[in-house]
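Numbering (the UniProt record's numbering), first residue to last: 1 to 409. Written below as structure tokens is the structure these notes are about.
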Amino acid sequence: MNISMVGIDYQKANIEVREQFSFTKTQGMEFCEQAAARHEMAGCILISTCNRTELWCSDAGESPFSILMQERGLDGDVYEEHFTSRQGEEAVTYLFELACGMHSQIFGEDQILTQIREALNRSRECGCADSVLETLFRSAVTAAKQVKTEVRLTARDMSIPEGAAALLEDRYGPLEGRRCMVIGNGEMGRLMTRILIDRGARVAMTLRQYKKHDVVIPKECEVILYEERYQHLRDKDLIFSATVSPHYTIEAEKVCRAMAPDRSYIFVDLAVPRDIEPAVGRLTGAILYDTDMLGMVNGHDERLVTRARVILKEHMDEFRTWYYFREWIPAVQRIGKTAGRITNAKLTKVYREVDQALEEPEEFKRNVRKAAEKSVTKILYGLKNHLSPEQWKDCITALEESAGDCEKS
Numbered sequence: 001m002n003i004s005m006v007g008i009d010y011q012k013a014n015i016e017v018r019e020q021f022s023f024t025k026t027q028g029m030e031f032c033e034q035a036a037a038r039h040e041m042a043g044c045i046l047i048s049t050c051n052r053t054e055l056w057c058s059d060a061g062e063s064p065f066s067i068l069m070q071e072r073g074l075d076g077d078v079y080e081e082h083f084t085s086r087q088g089e090e091a092v093t094y095l096f097e098l099a100c101g102m103h104s105q106i107f108g109e110d111q112i113l114t115q116i117r118e119a120l121n122r123s124r125e126c127g128c129a130d131s132v133l134e135t136l137f138r139s140a141v142t143a144a145k146q147v148k149t150e151v152r153l154t155a156r157d158m159s160i161p162e163g164a165a166a167l168l169e170d171r172y173g174p175l176e177g178r179r180c181m182v183i184g185n186g187e188m189g190r191l192m193t194r195i196l197i198d199r200g201a202r203v204a205m206t207l208r209q210y211k212k213h214d215v216v217i218p219k220e221c222e223v224i225l226y227e228e229r230y231q232h233l234r235d236k237d238l239i240f241s242a243t244v245s246p247h248y249t250i251e252a253e254k255v256c257r258a259m260a261p262d263r264s265y266i267f268v269d270l271a272v273p274r275d276i277e278p279a280v281g282r283l284t285g286a287i288l289y290d291t292d293m294l295g296m297v298n299g300h301d302e303r304l305v306t307r308a309r310v311i312l313k314e315h316m317d318e319f320r321t322w323y324y325f326r327e328w329i330p331a332v333q334r335i336g337k338t339a340g341r342i343t344n345a346k347l348t349k350v351y352r353e354v355d356q357a358l359e360e361p362e363e364f365k366r367n368v369r370k371a372a373e374k375s376v377t378k379i380l381y382g383l384k385n386h387l388s389p390e391q392w393k394d395c396i397t398a399l400e401e402s403a404g405d406c407e408k409s
């Protein structure tokens with residue numbers, strides 16, 4: 001099974017290292033296009049989230065790690081210890097578990113499922129998803145959806161923003177009535193805002209002047225201009241930042257000038273690369289959390305995990321069957337078509353008798369031929385359940401040769 005991947009995540013690398021391999025959506029698509037053009041491979045997909053970056057390759061001529069390092073212009077010897085590589089069956093199993101949130105910082109969280117689906121969509125959009133990766137990722141998403149519906153690995157839907165809110169309430173009490181500012185109105189920022197509002201917080205969300213007419217802001221939310229964020233920071237209790245900015249949205253020197261001397265502030269950085277300058281956490285009266293500190297809402301029921309693995313195994317078995325037998329699909333189809341033509345030839349006499357009784361005899365003949373094709377094809381596919389892969393391939397090879405002999409005679 002020529003499927004390989006390499007990944008860096010929160011378990012083996014801190015946020016400083018992970019930042020070196022973070023991609024925006026546009027950067028990720030450009031990376032895939034360049035990697036596919038410069039390296040020998042059938043397809044590739046890039047997953048980039050706040051907690052992980054993974055490169056998946058199909059039929060690659062070199063390791064995904066080597067490809068990633070070359071494209072980033074980095075020394076692999078420096079970063080190798082932070083990466084994990086997987087191939088074949090191990091990679092397949094890992095992806096199915098990943099889609100269910102089993103490898104997430106917050107166990108069982110749902111956001112990773114959306115992120116995997118979006119990674120596939122972006123790869124598809126830039127023409128880099130071959131049939132193997134396309135089928136693998138779609139199968140993993142389908143399996144994870146079933147697990148989410150039938151098992152639910154967490155007590156409730158959980159994401160990084162949900163985890164942040166749960167952690168803050170656990171440490172500092174209810175969020176109800178707390179004055180919050182959320183910087184960033186992308187997917188993560190909007191999700192954080194909605195969670196805070198639902199928990200009774202008073203939320204202000206920043207908006208850049210030039211985006212005023214392009215962004216939907218929750219009606220319960222106060223809107224403040226991004227350029228005036230430091231002016232509003234003074235009277236807030238919690239400040240969240242979740243942007244894709246290449247620069248800090250919150251700088252320590254400016255925060256120091258904006259903070260009231262007799263108050264404490266909690267800063268939560270939901271971005272990778274980081275939005276909030278790390279020095280903010282060293283200021284008197286400031287507490288800073290980044291994504292490495294938010295994975296503390298954990299724990300899971302092993303019985304539920306076991307049930308989830310049963311579901312995953314069914315979908316993985318289906319993928320493996322497709323993968324190992326996909327090269328024989330044309331042969332099965334050819335045998336089916338031959339059976340259809342032979343059936344038609346054998347029914348010549350019958351056709352003469354029914355031609356006079358039917359208004360559309362040609363349509364009748366086509367239907368008979370198609371029925372024969374489908375019946376034979378179904379039988380041949382069914383043999384997979386009773387033969388080993390090697391026996392099945394030998395059987396199809398022999399039947400294809402026999403079908404060819406029949407057509408010649």
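Just so it is clear, CB atoms sit at the ideal spot from N, CA and C, and this is done for glycine as well.
Residue environment analysis places Pro174 among the exposed positions, since fewer than 16 neighbouring C-beta atoms fall within 10 angstroms of its C-beta. Taking Ala331 as the centre and dropping the five residues before and after it, the same chain places the C-beta of Ile396, Glu400 closer than 6 Å to its C-beta, in chain order.
Residue environment: Arg52 is assigned as buried (16 or more neighbouring CB atoms within 10 Å of its CB, all protein chains considered). Residues of the same chain with a CB within less than 8 Å of the CB of Met181, apart from the 5 flanking positions on each side, are Val203, Ala204, Met205, Thr206, Ile224, Arg229, His232, Leu233, Lys236, Leu238, Ile239, Phe240 in chain order. Within 10 angstroms of the beta-carbon of Ser58 lie 16 or more other beta-carbons, which makes it buried.
Counting only runs of 4+ residues, the alpha helix (DSSP H) found wholly inside the stretch 168-217 occupies 187-198, in chain order.
Assigned with DSSP and collapsed to three states, Cys44 falls in strand.
Check the Cα spacing between Glu187 and each of Leu312, Lys145, Val215: the tightest is with Val215.
If you look at Trp56, you'll find it isn't in any alpha helix (DSSP H); it sits in the beta strand (DSSP E) that goes 52-58. Here the alpha carbons of Lys313 and Glu277 stand approximately 44 Å from one another.
With contacts defined as CB atoms closer than 8 Å, Glu33 and Cys126 qualify as a contacting pair.
Look at the beta carbons and you see the stretch 264-275 touching the stretch 283-290: at least three pairs across the two are nearer than 8 Å. Note that the C-beta distance between Phe137 and Ile45 is below 8 Å.
Under the DSSP assignment, Ala286 falls in the beta strand (DSSP E) whose first and last residues are 286-289. Ser402 is classed as exposed because its beta carbon has fewer than 16 other beta carbons within 10 Å across all chains shown. Judged by DSSP secondary structure, Met69 falls outside any beta strand (DSSP E) and instead within the alpha helix (DSSP H) spanning 64-72. Under the three-state reduction of DSSP, Ser241 is assigned to strand. In the three-state DSSP reduction, Asp9 falls in the strand class (E or B). Distance from the Cα of Leu294 is smallest, within the candidate group Cys128, Arg194, Leu304, Leu270, for Leu270.
Annotation: Ala166 to Glu19 spans about 25 Å, alpha carbon to alpha carbon. Where Glu222 is concerned, the enclosing beta strand (DSSP E) starts and stops at 222-225. In this structure, Val255 lies away from Val272, with their beta-carbon atoms at least 8 Å apart.
Spanning the alpha carbons of Ser66 and Leu304 requires a straight line of approximately 37 Å. Residue Arg190 holds the alpha-carbon nearest to the alpha-carbon of Glu222 among Arg190, Ile250, Ala242, Pro246.
Per DSSP, the unbroken beta strand (DSSP E) holding Tyr265 starts and ends at 265-269.
Our two residues, Gly76 and Met69, have alpha carbons roughly 6 Å apart in a direct line. In the DSSP annotation of this structure, the continuous segment of the beta strand (DSSP E) that includes Thr84 starts and ends at 83-87. If you compare the alpha carbons of Glu227, Glu90, Ile250, Ala308 with that of Trp56, the shortest gap goes to Glu90.
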